[in-house]
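S.K.: In our numbering, the protein residues as written are 0 to 422. Structure incoming, see below.
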Amino acid sequence: MAPGGVSAYHASLLARCGAGWAADNMWLQGVAIVLPHVQRTWRVSDAWVGSLTSSLFAGMMLGAIAWGACADRYGRLFSYHRTLVVAAMGGSLLSLAPTWGTACVLSGLLGIGIGGSMPIDGTLFIESLPPQHHHWLTALSVFFSLGSVVSALAALVLLVSVGASWRIFLLVLAGLTTVAAASRLGRFRTLESPAFLMACGCEADAELVLQAMAPEGSTPEDAHMLMDENPDEMGALFAPGQARTTMVLWVLWTLQSLAFTLFNAFYPLYLERKGGHTTPRPEAAVLRDVLAYAVSSVPGSLVGAALVRSAYGRYALPLTLTATGLALLLFLCAARAWHVVLAGMAVSLSATTAYAVLYGQTPHAFPARVRGTGCAIASAASRAAGIVAPLLAGVLLPRGLQGPIGVSALVWGICAILALCLN
Numbered sequence: 000m001a002p003g004g005v006s007a008y009h010a011s012l013l014a015r016c017g018a019g020w021a022a023d024n025m026w027l028q029g030v031a032i033v034l035p036h037v038q039r040t041w042r043v044s045d046a047w048v049g050s051l052t053s054s055l056f057a058g059m060m061l062g063a064i065a066w067g068a069c070a071d072r073y074g075r076l077f078s079y080h081r082t083l084v085v086a087a088m089g090g091s092l093l094s095l096a097p098t099w100g101t102a103c104v105l106s107g108l109l110g111i112g113i114g115g116s117m118p119i120d121g122t123l124f125i126e127s128l129p130p131q132h133h134h135w136l137t138a139l140s141v142f143f144s145l146g147s148v149v150s151a152l153a154a155l156v157l158l159v160s161v162g163a164s165w166r167i168f169l170l171v172l173a174g175l176t177t178v179a180a181a182s183r184l185g186r187f188r189t190l191e192s193p194a195f196l197m198a199c200g201c202e203a204d205a206e207l208v209l210q211a212m213a214p215e216g217s218t219p220e221d222a223h224m225l226m227d228e229n230p231d232e233m234g235a236l237f238a239p240g241q242a243r244t245t246m247v248l249w250v251l252w253t254l255q256s257l258a259f260t261l262f263n264a265f266y267p268l269y270l271e272r273k274g275g276h277t278t279p280r281p282e283a284a285v286l287r288d289v290l291a292y293a294v295s296s297v298p299g300s301l302v303g304a305a306l307v308r309s310a311y312g313r314y315a316l317p318l319t320l321t322a323t324g325l326a327l328l329l330f331l332c333a334a335r336a337w338h339v340v341l342a343g344m345a346v347s348l349s350a351t352t353a354y355a356v357l358y359g360q361t362p363h364a365f366p367a368r369v370r371g372t373g374c375a376i377a378s379a380a381s382r383a384a385g386i387v388a389p390l391l392a393g394v395l396l397p398r399g400l401q402g403p404i405g406v407s408a409l410v411w412g413i414c415a416i417l418a419l420c421l422n
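Spelled out as structure tokens, the structure:
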């Protein structure tokens, strides 16, 4: 019989974990889309409008830490089955918020739910794959990109075609998140991570899980191949030869999130004001441009997956980070409407490619016993930067678009230099 490979179970798990990644970006894009609406609803100034996004990222930071710790203590499935349920509850309540302050608090609750989705789903998925198929992890970034497409399409239909309020839009996103959460409890049973079971000393259980995952007619993977040479809890993240990689990755996640959020979270607002218009652009035109921005991110995920496996994989991250900084400068200099749209699409394509590469490198840069925590801290650090970015943009926006977009381009350049330090 052939050695272990991927099976229908792995394809099913890819779809279910992918739905979690899609929900993450769907909500990030959704909150960005409704930002101008809620600003007008409660007459919030530019200096404070970023508080809604900051609250979302604050919740995501707390969620990433909490869900990651639970995943390493109680198993990956403990967090996997709960993150999207909390997100759906938070999104539903956010759509009913009576005041600006309440909306910020409920945005934080939403963030706690989706904050654990990416690190936990990614960890569970890569630990369920045979080692020779770990490159499948980059496929999750395709789902991440599709999440923003779903959000943009829903906005075009509900906010423009139907004329619904932003509250209905958020309620629909909450409904989609509920469907994603329910799919995890449906026909296909999700199995615990065999790497987690081995790390906990449950060798017999790990062998049974690997047998259940293996395709028909093949032998399951050897569970002992999943063991770490140094399984000592948090110390494994800072062991000799590992500490530099750990710190560089965490700093990269932080700065890349700061740079990306400075642009992405305010993209619809930038489109409304780009070009010096005395009145805001029509919402339909803005949302069409947002949809183009979202769609252009999808091939970025595929390009990132190809780059990771290519002979130039070592240079993929610094090159794509540099390309994103240059694309932002093009967006800043663009004057005509179609130049603005193309530059925005270039930013989306290059940034998504960079993230796809980073997503593919991060999980198996950490030992299995603390992989959930390592990935969760990286995610939490990125969310912490996401708290700061909207507040920083709020300070810079009254002085013009050059401030936040220029700072974003600069930070992308710093990330490119830092990426060269990765082993």
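Where is the CB? At the ideal position from N, CA and C, for every residue including glycine. Nothing here was measured: the structure is a model prediction, and the numbers come from that model.
May I ask you to report which of helix, strand or coil DSSP gives Glu-126?
M.R.: As a working note, residue 126 is residue 127 in the sequence shown. Of the three classes helix, strand and coil, the one that applies to Glu-126 here is helix, per DSSP.
S.K.: For the alpha helix (DSSP H) that Leu-169 lies in, which residues bound it at each end?
M.R.: Walking along the sequence shown from the start, residue 169 turns up at place 170. Unbroken alpha helix (DSSP H) run through Leu-169: 165-182.
S.K.: Could you tell me whether the Cβ atoms of Gly-49 and Ala-392 are closer together than 8 Å?
M.R.: Start at 1 with the first residue of the sequence shown, and residue 49 comes out as number 50. Start at 1 with the first residue of the sequence shown, and residue 392 comes out as number 393. The answer is yes: Cβ separation under 8 Å.
S.K.: Do you know offhand how far Ser-407's Cα is from Ile-413's?
M.R.: The residue you call residue 407 lines up with position 408 of the sequence shown. The residue you call residue 413 lines up with position 414 of the sequence shown. In a straight line, the C-alpha of Ser-407 is about 10 Å away from that of Ile-413.
S.K.: Please name the residue, chosen from Gly-385, Phe-259, Leu-128, that lies closest to Ala-7 on a Cα-to-Cα basis.
M.R.: Sequence index remark: in the sequence shown, residue 7 carries index 8 (1-based). Checking every option, the nearest Cα to that of Ala-7 belongs to Leu-128.
S.K.: What does the alpha-carbon distance come out to for the pair Ala-284 and Ala-264?
M.R.: Counting from one through the sequence shown, the residue named residue 284 turns up at place 285. Counting from one through the sequence shown, the residue named residue 264 turns up at place 265. Ala-284 and Ala-264: Cα-Cα distance of roughly 18 Å.
S.K.: Establish whether the CB of Leu-108 and some CB of chain C are separated by less than 8 Å.
M.R.: Absent from the structure is chain C; it holds one protein chain and no more.
S.K.: Just to check my reading of the structure: Ala-388 and Leu-261 have Cβ atoms closer than 8 Å, yes? What is that Cβ distance to the nearest angstrom?
M.R.: Within the sequence shown, numbered from 1, the residue matching residue 388 stands at position 389. Within the sequence shown, numbered from 1, the residue matching residue 261 stands at position 262. With 8 Å as the limit, Ala-388 and Leu-261 qualify as a contact, their Cβ atoms being about 5 Å apart.
S.K.: When the Cα of Ser-300 is compared with those of Gly-29, Leu-331, Asp-288, Tyr-358, which residue comes out closest?
M.R.: For this step, residue 300 is matched to residue 301 along the sequence shown. Taking only the C-alpha atoms, the option nearest Ser-300 is Tyr-358.
S.K.: What three-state label does DSSP hand Glu-271 in the structure shown?
M.R.: Here the question's residue 271 lines up with position 272 in the sequence shown. Note: Glu-271 maps to helix in three-state DSSP.
S.K.: What distance in whole Å lies between the Cβ atoms of Ser-116 and Thr-137, which are believed to be in contact at a cut-off of 8 Å?
M.R.: Position 138 of the sequence shown, counting from 1, holds the residue named residue 137. Position 117 of the sequence shown, counting from 1, holds the residue named residue 116. That pair is no contact at about 17 Å.
S.K.: Using only the alpha-carbon positions, how far apart do Phe-237 and Pro-267 sit?
M.R.: Translated into the one-based positions of the sequence shown, residue 237 becomes position 238. Translated into the one-based positions of the sequence shown, residue 267 becomes position 268. In a straight line, the C-alpha of Phe-237 is about 41 Å away from that of Pro-267.
S.K.: Can you check whether the CB of Leu-139 is closer than 8 Å to the CB of Trp-29?
M.R.: Counting from one through the sequence shown, the residue named residue 29 turns up at place 30. Counting from one through the sequence shown, the residue named residue 139 turns up at place 140. A quick correction: the sequence has Gly, not Trp, at residue 29. No. Outside cutoff.
S.K.: Helix, strand or coil: which one does DSSP assign to Pro-239?
M.R.: On the sequence shown, residue 239 is found 240 positions in, with the first residue counted as 1. Residue state, collapsed to three classes: coil.
S.K.: Would you kindly work out how many angstroms separate the C-alpha atoms of Met-60 and Ala-377, rounded to a whole number?
M.R.: Along the sequence shown, read from residue 1 onward, the residue named residue 60 stands at position 61. Along the sequence shown, read from residue 1 onward, the residue named residue 377 stands at position 378. One C-alpha to the other measures close to 10 Å.
S.K.: Which residue wins for smallest C-alpha separation from Leu-95, given the options Ser-164, Leu-318, Gly-19, Val-156?
M.R.: If you number the sequence shown from 1, residue 95 lands on position 96. Nearest C-alpha to Leu-95: Ser-164.
S.K.: Figure out for me which residue from Gly-200, Glu-191, Ala-198 has the closest Cα to the Cα of Gln-210.
M.R.: Taking the first residue of the sequence shown as position 1, residue 210 is located at position 211. Minimum Cα distance to Gln-210 is reached at Glu-191.
S.K.: Tell me the residue span of the alpha helix (DSSP H) that contains Gln-210.
M.R.: As a position in the sequence shown, residue 210 is number 211, starting the count at 1. Its alpha helix (DSSP H) spans residues 202-212.
S.K.: Helix, strand or coil for Gly-49 per DSSP?
M.R.: Position 50 of the sequence shown holds residue 49. Of the three classes helix, strand and coil, the one that applies to Gly-49 here is coil, per DSSP.
S.K.: By the three-class DSSP mapping on this structure, what secondary structure does Ser-378 have?
M.R.: Within the sequence shown, numbered from 1, the residue matching residue 378 stands at position 379. Note: Ser-378 maps to helix in three-state DSSP.
S.K.: Would you kindly work out how many angstroms separate the C-alpha atoms of Gly-89 and Met-344, rounded to a whole number?
M.R.: Residue mapping note: residue 89 aligns to position 90 of the sequence shown, counting from 1. Residue mapping note: residue 344 aligns to position 345 of the sequence shown, counting from 1. Each residue's Cα considered, the two are about 30 Å apart.
S.K.: With a 10 Å radius around its C-beta and 16 neighbouring C-beta atoms as the bar for buried, classify Arg-370 as buried or exposed.
M.R.: On the sequence shown, residue 370 is found 371 positions in, with the first residue counted as 1. Answer is buried; the Cβ neighbour count reaches 16.
S.K.: In three-state DSSP terms, what is Cys-332?
M.R.: For the purposes of this step, residue 332 is identified with residue 333 of the sequence shown, where counting begins at 1. Helix.
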